[in-house]
Amino acid sequence: MALAAVIAQHSPAVRAFDKRVIARLFRGNTRFGFTPNTKISVDADSVVCRVSNVDITQRSCELTFGSRKRTLTGREANEVGATAATAGVPSEGAAGSSIESISKLRCTIDPNEIMQKAGGGANCNFETGQ
C-alpha cells in the first residue's frame, strides 16, 4: 500500500480522484464510500533512487511512466527511496552513493477490501535492478 501511495501521487496515469482516495487510505481514513468492484492501478516502468554517502544533502529519484519522466529531489525523493527500501528493494552501493532501483512496478489497490481492515486489498509486483 505504501509504495503504491508514494508513486501514485507522481503518476500521470492515475486520475486525480484516485490519487485522493489512495492518499486518504494511506492516512488511515477509511470512512468514505467507493464504487464496489472497482480497483485502482498504479504502474511505473522504472523507479531509480540515489542517495549520496558523501554529500548527505543529495538525494534524487527518477520515475518513468512510459515516455514521461519525473525527477524528484529532497524530501519527495527520500520518501520514495525509503518506502522502496521498506518494500524490500535492495540497496546497491556505488562509489559514494546508494542506489535503489525497480522496474515494471504494477500495483493494484482495492479500496473496498482495504476498508475491511483484514490485511488485504493492496498488491504490488516489481523487478529489482535496472
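Under the working numbering, think of the first position of the sequence shown as -5, with each following residue one higher. Heads up, the beta-carbon is just placed ideally off N, CA and C, and yes, glycines get one too.
Here N117 is bridged, per DSSP, to T102. Secondary structure of T51 (DSSP, three-state): coil. Put simply, the backbone Cα of Q110 is about 12 angstroms away from that of L19. Shown here for E121: same chain residues with a beta carbon closer than 8 angstroms to its own, the five before and five after excluded, namely I96, S97 and K98 in chain order.
In this structure, DSSP gives G75 a helical state, which the three-state scheme calls helix. The beta-carbon separation of F28 and P105, rounded to 4 angstroms, stays under the 8 angstroms limit for a contact. Taking all protein chains shown into account, I34 has 16 or more neighbouring C-beta atoms within 10 Å of its C-beta and is therefore buried. At the C-beta level, A(-2) and A88 stay beyond 9 angstroms of one another. Between A79 and S85 the beta-carbon gap is near 6 angstroms, inside 8 angstroms, which marks them as a contact.
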